[in-house]
Structure formats: C-alpha cells, structure tokens
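Numbered per my numbering, the sequence shown finishes at 336, counting up by one with no gaps.
Accompanying notes for the structure given below.
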Amino acid sequence: MTEKVRCLIIGSGPAGYTAAIYASRANLSPVLYEGMQPGGQLTTTNEVENFPGYPEGITGPELMEDLKKQAERFGADIRFGMATATDLSAAPYKVTIDGEKVIEAETIIISTGATAKYLGLPDEQKYAGSGVSACATCDGFFYRKRKVAVVGGGDTACEEATYLAGLADKVFLIVRKPFLRASKIMQERVLTNPKIEVLFEHETLGLTGNMVVEGADLVKRRGQTDEEKVHIAIDGFFLAIGHKPNSDVFKPWIETDEVGYIKTVPGTPQTNIPGVFAAGDVADPHYRQAITAAGSGCQAAIEVERYLSEKSL
Ligand code: NDP
Numbered sequence: 024m025t026e027k028v029r030c031l032i033i034g035s036g037p038a039g040y041t042a043a044i045y046a047s048r049a050n051l052s053p054v055l056y057e058g059m060q061p062g063g064q065l066t067t068t069n070e071v072e073n074f075p076g077y078p079e080g081i082t083g084p085e086l087m088e089d090l091k092k093q094a095e096r097f098g099a100d101i102r103f104g105m106a107t108a109t110d111l112s113a114a115p116y117k118v119t120i121d122g123e124k125v126i127e128a129e130t131i132i133i134s135t136g137a138t139a140k141y142l143g144l145p146d147e148q149k150y151a152g153s154g155v156s157a158c159a160t161c162d163g164f165f166y167r168k169r170k171v172a173v174v175g176g177g178d179t180a181c182e183e184a185t186y187l188a189g190l191a192d193k194v195f196l197i198v199r200k201p202f203l204r205a206s207k208i209m210q211e212r213v214l215t216n217p218k219i220e221v222l223f224e225h226e227t228l229g230l231t232g233n234m235v236v237e238g239a240d241l242v243k244r245r246g247q248t249d250e251e252k253v254h255i256a257i258d259g260f261f262l263a264i265g266h267k268p269n270s271d272v273f274k275p276w277i278e279t280d281e282v283g284y285i286k287t288v289p290g291t292p293q294t295n296i297p298g299v300f301a302a303g304d305v306a307d308p309h310y311r312q313a314i315t316a317a318g319s320g321c322q323a324a325i326e327v328e329r330y331l332s333e334k335s336l
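Below you can see the structure in the form of structure tokens.
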C-alpha cells in the first residue's frame, strides 16, 4: 500500500504542528503522523508559563490541542502512526508507517522530538510501573501524601520536584553535582520549598522494595575519602536527567552528532539530504524550548514550500 504526498511531517510536538499550520496554509496538503506520544513532550508538562501569548500560562495538553486544531483548520491531514523504516536514497523518499503502509514523499519534515533518559540501572526495569517513572505530571497523582525522589539538577528536575511537592509529603532531589544546573527562578522555587530536600553530590546505586519501590540506596561523594552510603525511604523514583533525540529510524541516511541530534545547516532546518528538513528537539541540543521548536517548524515548512516550487513539484 503506497501513498504519494508532497509534504510528510513526522512527529506532533510544537515543531510538527507549526510546520503543519504553515504547510497547509501554503497549500502543500501536508500529512502529519503523530508518533507514539501525540502532542509530544508538552503533553506531559503541567503548566507552560513561557510560551508567548499566554499571560496566565496554559497547560501543555491544552497548548498542543490548540496547535493541532489550528493545523486541522487549514486542512492538515493529521494521523495516528509511527515511522518504522525509511529509504531516503532518492526522492521521492519512502517512509514506512507502522511496518505496513509506505508513504512516498517529495519532502519530509522530521520533528520527532526527544525521549526521557534513564540511569541504566537494572532496578529501573525491575520497578517500571511499580514506583519508577520519567514523568511526574503523568504519575505524580499516585504519590499523594507519600515520599518520592527526583533525579537530576536541570530545569526538568526542578520543575518535577516542585510539582511533586504539591502532592507528596516529602521530595528528595538527587543531584550528582554540588550545584543545580537549572535556571535561577527554578532553583529558587526548589530551595525555598520546605517539602523538598536537595541531596547534592549524591548518586543512585539501586532501588529497594518488595514488589514496589520502598527505598533507594545512594552514595554521597562517590570516590572521595569521605564517601558515604545513604539510604532513603521513598515510594516513587522519578527520572529527570535529560532526553535522547528520536532520530534512530533516519540514521542510515541522515547525519547526526554523537548523541543523535540531527545535524542541520546552521541557522536553517536543512539536513544533509535535499528536501528533508529537521525541526524541534530532534535537531536542537541547545535550546529545546516549545517556542524555538515552533519557530524551527515554521522555517522547515517555508523551506519545503521553496524547495517544491523550485522543482515545480
Ligand atoms: P538538562 O540536560 O538541562 O539537565 C539534566 C540534569 O540531569 C543535569 O543536572 C545532569 O547533571 C543530570 N544528569 C544527567 N545524567 C545523569 C546521570 N546519569 N545521573 C545523575 N544525574 C544526571 O536537562 P533538562 O531535561 O532538565 O532540560 C533540558 C532543556 O529544557 C534545558 O535547556 C532546560 O532549560 C529546558 N527546560 C525548560 C523548562 C522551562 O523553562 N519551564 C522546563 C524543563 C526543561 P549534570 O549537571 O551533572 O550534568
């Protein structure tokens, strides 16, 4: 089963939906596949306070629903499905959806975003769904009046710790460095919250518990002369240590950096393949914001329009 399209957008975060708004308004009849997490990472964010145009803030799911509706209003064809294989050896490029359907696309906008990282401890698998989570806004509800730990020292970790402190009785923030990397305002929220205890220079060795998480074994100042083993009693263990770009399915063809971020011509969404563009977090190790993702989605759609009209396609 093969279908031909002029503009295929893969991924449904702010980058994908913005690309779909611009591409549909340019009459490119874009087809967008939403991927595993329709709406992308923002659907697991609680309050978005920094997206321009929302002086009172907006929830992540509402923002994404609005962007989707805006794209559909101009005729974007938004579908559920995942790109499972690609052949970008020559245009039209072939993308297999869900291992079955093949789309032949004159142009592609890759906006597949990034996925939460785990520490790589066997216990994360062992207690998956039984106390281990990478999304406080998804799972925090289950830990009302309980004790939880969040790992990480960036904005995500601080945001999740603050969110969880609104539900749980106690939140440990496990930070491997002696300082937080998060923005000043997020740091302040954490450091002034009486329910949050920041454990600087601590690393996680493993989790304990019978069937569900009941505690975590930590080490303080690992490798130092005053190294110390620490045990904390917790019911939930939340990872907030960054993300991995979702670029694997394109890797045989598309150049990425060592982490997997798609390389683009600086200042543009152009990849190493003509007519294939990358927008949003999958190509952005630096900013990773909803608004920068949306901006790059707009750029990608404009580039698609120019590419197609230059080729009279
Ligand atoms: P970051 O990469 O900024 O931070 C990751 C954190 O996890 C760091 O403190 C890092 O420690 C720690 N870490 C990484 N690997 C490990 C490990 N193996 N063990 C223990 N700790 C580890 O990721 P974020 O997801 O926090 O943020 C990504 C981007 O999104 C940033 O640009 C951020 O500003 C932005 N953001 C903005 C928000 C907002 O404005 N509302 C909300 C959330 C994110 P170390 O410092 O030692 O490397």
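Yeah, the Cβ is synthetic: ideal placement off N, Cα and C, and Gly gets one too.
- prompt: What are the start and end residues of the alpha helix (DSSP H) that includes L331?
  reply: Looking up residue 331 in the sequence shown gives position 308. A313 to E333 is the extent of the alpha helix (DSSP H) around L331.
message: Our contact map puts F260 next to A172 with C-beta atoms below 8 Å; I'd like the distance itself, whole angstroms only.
response: Indexing the sequence shown from 1 puts residue 260 at position 237. Indexing the sequence shown from 1 puts residue 172 at position 149. Between A172 and F260 the Cβ distance is about 5 Å, and since that is below 8 Å, they are a contact.
message: If the criterion is Cβ atoms closer than 9 Å, does the pair G298 and A114 meet it?
response: Within the sequence shown, residue 298 is the residue found at index 275, counting from 1. Within the sequence shown, residue 114 is the residue found at index 91, counting from 1. Inclusion of G298 and A114 in the CB contact set at 9 Å is warranted, their separation being smaller than that value.
- request: Please say whether A306 and K286 have beta carbons closer to each other than 9 Å?
  value: In the sequence shown, counting from the first residue as 1, residue 286 sits at position 263. In the sequence shown, counting from the first residue as 1, residue 306 sits at position 283. Yes, the pair counts as a contact, with Cβ atoms nearer than the cut-off.
task: Express the C-alpha separation of S52 and Q352 in angstroms, rounding to a whole number.
output: Because the chain spans 24 through 336 in this model, residue 352 falls outside it and cannot be assessed.
- prompt: Cβ of Q312 within 8 Å of any heavy atom in ligand 1?
  reply: By one-based count along the sequence shown, residue 312 stands at place 289. Within the cutoff, so yes.
- prompt: Near R244, what residues of its chain come up, given a Cβ to Cβ distance below 7 Å and the 5 sequence neighbours on each side ignored?
  reply: Within the sequence shown, numbered from 1, the residue matching residue 244 stands at position 221. Cβ within range, chain order: E224, E250 and E251.
field: Contacting residues, own chain, Cβ-Cβ under 6 Å from A317 (five flanking each side not counted)
entry: As a working note, residue 317 is residue 294 in the sequence shown. For A317, where only same-chain residues beyond five positions count, the Cβ hits under 6 Å are P37 and T41.
- request: Say whether the region 178 to 189 touches the region 211 to 221, bearing in mind that this needs 3 or more beta-carbon pairs closer than 8 Å, one atom from each stretch.
  value: In short, these stretches touch, since the Cβ pair count reaches three.
- request: Look at I33 and G58 and say whether their C-beta atoms are less than 9 Å apart.
  value: By one-based count along the sequence shown, residue 33 stands at place 10. By one-based count along the sequence shown, residue 58 stands at place 35. It is a contact, given that the beta carbons lie within the stated cut-off.
query: Taking the alpha carbon of L90 as the point to measure from, which residue in Y330, S319, G303 and S35 has its own alpha carbon closest?
result: Here the question's residue 90 lines up with position 67 in the sequence shown. Among Y330, S319, G303 and S35, the Cα nearest to that of L90 is on S35.
field: Coil, strand or helix - E199 by DSSP
entry: As a position in the sequence shown, residue 199 is number 176, starting the count at 1. According to the sequence as given, residue 199 is Arg; it is not Glu. Three-state DSSP puts R199 in coil, outside helix and strand.
query: Would you call the region 255 to 270 and the region 93 to 103 touching, i.e. three or more CB-CB distances under 8 Å?
result: The answer is no - the region 93 to 103 does not touch the region 255 to 270, with fewer than three Cβ pairs under 8 Å.
- prompt: CB-CB under 8 Å to R199, same chain, minus the five flanking residues each way: which ones, in chain order?
  reply: Start at 1 with the first residue of the sequence shown, and residue 199 comes out as number 176. Cβ neighbours of R199 within its own chain (closer than 8 Å, five residues either side excluded): G176, E224, H225 and E226.
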